[in-house]
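Number of protein chains: 2
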Amino acid sequence: MLTANDPNRKSWLDISENSDFPIHNLPFGVFMAKDDHITIGTRIGDYAIDLGALHQLGYFEGIILPEDVFLQDTLNDFITLGKPTCRQVRNRIAEIFDANNSALQGNAEQRDIILFAVEEVQMLMPVFIQDYTDFYSSREHAFNVGTMFRGADNALMPNWLHLPVGYHGRSSSIIVSGENIRRPMGQSKPADADAPVFGPSKLLDFELEMAFITTDGKALGECITTEEAEDYLFGMVVFNDWSARDLQAWEYVPLGPFLGKNFASSMSAWVVTFDALEPYRVEKPAQDPEPLPYLQCAKNTSYDIKLEVYIQPEGGAESLVCESNHKYLYWTMVQQLAHHTVNGCNINAGDLMASGTISGPNPSNYGSMLELSWRGAKSITLSDGSERKFIQDGDTVIMRAFCDNGSQRMGFGEVRSKVLPAKE
Amino acid sequence: MLTANDPNRKSWLDISENSDFPIHNLPFGVFMAKDDHITIGTRIGDYAIDLGALHQLGYFEGIILPEDVFLQDTLNDFITLGKPTCRQVRNRIAEIFDANNSALQGNAEQRDIILFAVEEVQMLMPVFIQDYTDFYSSREHAFNVGTMFRGADNALMPNWLHLPVGYHGRSSSIIVSGENIRRPMGQSKPADADAPVFGPSKLLDFELEMAFITTDGKALGECITTEEAEDYLFGMVVFNDWSARDLQAWEYVPLGPFLGKNFASSMSAWVVTFDALEPYRVEKPAQDPEPLPYLQCAKNTSYDIKLEVYIQPEGGAESLVCESNHKYLYWTMVQQLAHHTVNGCNINAGDLMASGTISGPNPSNYGSMLELSWRGAKSITLSDGSERKFIQDGDTVIMRAFCDNGSQRMGFGEVRSKVLPAKE
């Protein structure tokens, strides 16, 4: 039997050559169709596919699935079934849309209730996130920020090379691609002032991140080892961890970022499974010093995922401002999850763990305006000739992620949010 | 009509004089009865009261309530009905159990299905918490910790007197009173070592806190002003924010506490409403410098709530190690909520926001072993003669909170957790 990943598989659906969604991807998401019904779906090419309807028509026969598992407004219950079941579903979807399978292909009436043009559906938040964790796992990013604030000699904190630094973020304000954000109000303290001032953030920034979504974990008090961690990784999204640098700088000592982050984070709508990412595994960067044993992992658990950030001014064209890659991350997701649970912290299906800004070795790889403008010391010129040090009202920030190993290409689509003026 | 708070109201139930649960309290919680049915309930004296059964018997007639609103395993749906409805329910409960009301009092059959001895029910987590925030609002605590690590002259960070410092915590590992915790494993770096070591935390600590639970808030992008904040405060619990000081010290720069905190936090089971706390309002401490306008609030929104911490060694007796008071907090809950949302961050019913350790002016008021032992420089002697600098395996930490204004007394019960040895 061909798995969903078989490179030779072709679909009977029309798929453009550079689509992020060939039949080898088959991500999961939640959408609302034109008739306002909400379902869990997948995507092939420019088609959103109604998994609830496929299930009702019996296409998942032989897989043990609750009747209403796709008739949900989040993926959580589906994820809770566990990775082996989710894998069966994904493989079955590949069979249904395989060029050699005429069952659905030849049934126009069924196709009409299962296939929707992606422009005609509204993508919704794919998961309910109880707990959101943000890591800080790009060495280049940590070094850049550390250099700006403490100089190159003290750039990395003493703990950084020994553990994947992370902190808890706000779940309620995570939104799906397409929703706009509002410039936050807040306190900041100008360098030359004696006291803080209140007003709209002047240093609004994006952070280019990716995030993984977990399955249910173990009970409180149990840990997940690096050997086990992949069993608990469901899928990934592109993630924009919006940051108000001026609010953050004033508030963050000693307990970390708070209002400088929790006004909004944006995520892409389609959750790409780790099964789909199998062909894009690569070796992780060398780790020196050697991590403590509980963080060691022999397997290749880094992924070659190309990342791009665009800024699109109001009414203007997109300008590429950053190209990076997920493989630059020093700490892997397996190490992050093992670290997160080594003290017995429990995880649940739908938890989201973000990477931290993913910067790379060259200035064109820097994943935030803070780094691209080097704390405002220089400007980025957009294609319309306008300049940016940070993000302006009316700007849309778009992040895209895709994999291409020469023989196979697939991607995540995009996360896009426009910045609305502050509400004063 | 008498409200639930009327000091002259008496109940037909037997209530011991110093009970935390007179008829003027009427907190909300969730319990499982001996027959394994789960319901939302309240407590009077030593009786747990089944609100689901009361509702089915028609006792809430005239109040607009979904049929199954009490047949839930969390208070979230009930809280979502809003404070005016919750207030109607609480006032109605007071009428049902008023000494002058014979309806239930005279019906033995109904009493049997409504009243349970508290020892015979199992209290469950009262709310599903999506987002948990921990503040750092005790000036005495911040000063003590700052003095230990930076000296008295630099004890308070420059931002501390201008905003209620806070950070996001882990929701999944919040447990209810009675559940035990496990000593966490993790990385720490001994002062004289070149590299971190891995093992059980050696500096396990409690933090004496209280927490408030919110109602649903406004949409993302809207703020809640200090004038509006009380409309969004549902109730309070006692909260033990367990801390592993050695893990925290190594990991927390620059993004704040993570594994040093997220292995467990314990909360009391009965949520005491702000309506019940009305008689205990007091003036807040003087705030100098004057806070920015968005943090100003003319009303008295501090509460006189007496706090106690006890350590009970395995098989031994309780020893009182700390007495503090909620009114010592520099930043009020109204200010905390206004600050939390001023950037547009949204809140939901069931969110939990904790105070941070509540220390007071005298050493006997210090709300953590870190402060009581002054970072391990001195020992606390327990009633059995044993000494503590931090918490040992087998110790049960018990926190109690109650209000007593001379004419009326009521309380929160307790939060209690025993520390089990690390799982190596």
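From first to last, the protein sequence lines stand for chains A and B. Using this note's numbering, the letters of the first sequence correspond one by one to residues 36 to 459. Using this note's numbering, the letters of the second sequence correspond one by one to residues 36 to 459. Beta carbons are placed, not taken as given, at the ideal position from N, Cα and C, and that holds for glycine.
(message) Please state whether the Cβ-Cβ distance between A/P324 and B/A373 is less than 9 Å.
(response) At least 9 Å separates the beta-carbon of A/P324 from that of B/A373.
(request) Taking only the alpha-carbon atoms, compute the straight-line gap between B/S212 and B/F63 and give it to the nearest angstrom. (result) Roughly 15 Å separates the two Cα atoms.
(request) Mind reading off the beta-carbon distance from A/E349 to A/G429? Whole number of angstroms is fine, and I expect it under 8 Å. (result) Right, the Cβ-Cβ distance comes to about 3 Å (below 8 Å), so this counts as a contact.
(request) Report back the beta-carbon spacing between B/A279 and B/S236 to the nearest angstrom; my notes put them in contact at under 8 Å. (result) The pair is a contact, with the Cβ atoms about 4 Å apart (cut-off 8 Å).
(request) Starting from the C-beta of A/S54, find all residues in its chain whose C-beta is less than 6 Å away, skip the five residues before and the five after it, and write them out in chain order. (result) Within the same chain, and ignoring the five residues on either side of A/S54 in sequence, the residues whose Cβ sits closer than 6 Å to its Cβ are G80.
(request) Determine the chain B residues that contact A/N381 at a beta-carbon separation under 7 Å, and present them in chain order. (result) Within 7 Å Cβ-Cβ: S207 and S208.
(request) Give the DSSP-derived three-state secondary structure of A/P101 in the structure shown. (result) Coil, per DSSP.
(request) Indicate whether at least one CB of chain A lies closer than 9 Å to the CB of B/C332. (result) No, B/C332 lies away from the interface with chain A (no Cβ there is under 9 Å from its Cβ).
(message) Taking contact to mean 3 or more Cβ pairs, one atom from each stretch, closer than 8 Å, check whether the segment 384 to 393 of chain B and the segment 162 to 182 of chain B are in contact.
(response) Verdict: yes, contact present.
(message) Output needed in chain order: residues of the segment 158 to 171 of chain A with a Cβ under 7 Å from some Cβ in chain B.
(response) Residues passing the 7 Å Cβ filter: Q165, D166 and Y171.
(message) When you compare the CB positions of A/L100 and A/V65, do they come within less than 9 Å of one another, or not?
(response) The answer is no: Cβ separation not under 9 Å.
(request) Excluding the 5 residues preceding and the 5 following B/F447 in the sequence, name in chain order all residues of the same chain whose CB lies nearer than 6 Å to its CB. (result) So the list reads V273, S303, V307 and A436, once near-sequence residues are dropped.
(message) Using CA atoms only, rank isn't needed, just tell me which of A/Q322, A/A226 and A/M158 is closest to A/A83.
(response) Of the candidates A/Q322, A/A226 and A/M158, the one whose C-alpha sits nearest the C-alpha of A/A83 is A/M158.
(request) Please report how far the alpha carbon of A/E286 lies from the alpha carbon of A/A143, in whole angstroms. (result) If you draw a straight line from the Cα of A/E286 to the Cα of A/A143, it is about 59 Å long.
(message) Check whether chain B comes within 9 Å of A/V317, counting only Cβ atoms and requiring the distance to be less than that.
(response) Chain B contact via Cβ: absent.
(request) Would you mind stating whether B/L268 and B/S354 have Cβ atoms separated by less than 9 Å? (result) For B/L268 and B/S354, no; Cβs fall outside 9 Å.
(message) Spatial neighbours of A/L255 within its chain, please: C-beta separation below 8 Å, excluding the five flanking residues on both sides.
(response) Taken in chain order, the residues that qualify are G379, C380 and N381.
(request) Flag this pair as yes or no: are the beta carbons of B/D339 and B/K362 separated by less than 9 Å? (result) Result yes, Cβ atoms of B/D339 and B/K362 sit closer than 9 Å.
(request) Give me whichever residues DSSP pairs with B/M434 in a beta bridge. (result) Answer by DSSP bridge pairing, in chain order: B/V344 and B/V450.
(request) Compute the beta-carbon to beta-carbon distance between B/V450 and B/S301, rounded to the nearest angstrom, for a pair I have assumed lies under 8 Å. (result) B/V450 to B/S301, Cβ: 5 Å. Contact.
(request) Tell me whether A/A333 is buried or exposed, calling it buried when 16 or more other Cβ atoms sit within 10 Å of its Cβ. (result) With a 10 Å radius around the Cβ and a threshold of 16 neighbouring Cβ atoms, A/A333 comes out exposed.
(request) Measure the alpha-carbon distance for A/I164 versus B/E214 and round it to whole angstroms. (result) Rounded to the nearest angstrom, the two C-alpha atoms are 24 Å apart.
(message) So B/Y365 contacts chain A; which residues on that side make the cut at Cβ distance below 8 Å?
(response) Neighbours of B/Y365 across chain A, judged by C-beta separation under 8 Å, do not exist; the nearest C-beta is about 15 Å away.
(message) If I measure Cβ to Cβ from A/D488 and keep anything under 7 Å in the same chain, skipping five residues before and after, which residues do I get?
(response) Because residue 488 of chain A is not part of the residues shown, which for chain A are 36 to 459, the question remains open.
(message) Restricting to Cα atoms, I'd like to know which of B/D112, B/T115, B/E242 and B/G97 is closest to B/I433.
(response) Ranking B/D112, B/T115, B/E242 and B/G97 by Cα distance to B/I433 puts B/E242 first.
(request) Could I get the ranges of all uninterrupted beta strand (DSSP E) runs contained in the segment 37 to 78 of chain B, with 3 residues as the minimum, in chain order? (result) Given a length threshold of 3 residues, each whole run of the beta strand (DSSP E) inside the segment 37 to 78 of chain B is given here in chain order: 64 to 67.
(request) Check each residue of the segment 283 to 301 of chain B: if its Cβ is closer than 9 Å to any Cβ of chain A, include it; give the result in chain order. (result) Those would be W285, E286, Y287, V288, P289, L290, G291, P292, F293, L294, G295, K296, N297, F298 and A299, in chain order.
(message) Contact criterion: CB-CB distance below 9 Å. Does A/P398 meet it with respect to chain B?
(response) Cβ-Cβ to chain B under 9 Å: no for A/P398.
(request) Scan the segment 245 to 301 of chain B and note each continuous alpha helix (DSSP H) run of 4 residues or more that stays entirely inside, going in chain order. (result) Segments of the alpha helix (DSSP H) lying fully in the segment 245 to 301 of chain B: 280 to 286.
(request) Sort out for me which residues DSSP pairs B/V377 with in a bridge. (result) Per the DSSP secondary-structure output, B/V377 pairs with nothing in a beta bridge.
(request) Pull up the distance between the alpha-carbon of B/N440 and that of B/N360, whole angstroms please. (result) Answer to the nearest angstrom: the Cα atoms are 13 Å apart.
(message) With a threshold of 9 Å between beta carbons, is B/R174 in contact with chain A?
(response) At a cut-off of 9 Å between beta carbons, B/R174 makes no contact with chain A.
(request) Report the rounded CA-to-CA distance for B/P331 versus B/Q370, giving the unit in angstroms. (result) Before going on, a small fix: residue 331 of chain B reads as Gln here, not Pro. Cα to Cα, the separation comes out at about 7 Å.
(request) Consult DSSP for B/V211 and reduce its assignment to one of helix, strand or coil. (result) It is a strand residue.
(message) Using 8 Å for Cβ pairs, my map puts A/K45 next to A/A129. What's the rounded Cβ distance?
(response) Rounded, the Cβ-Cβ distance is 11 Å, inconsistent with contact.
(request) Within the same chain, show all residues whose beta-carbon is closer than 7 Å to that of B/S442, passing over the 5 residues directly before and after it, in chain order. (result) Excluding residues within five positions, the ones whose Cβ falls inside 7 Å are P42.
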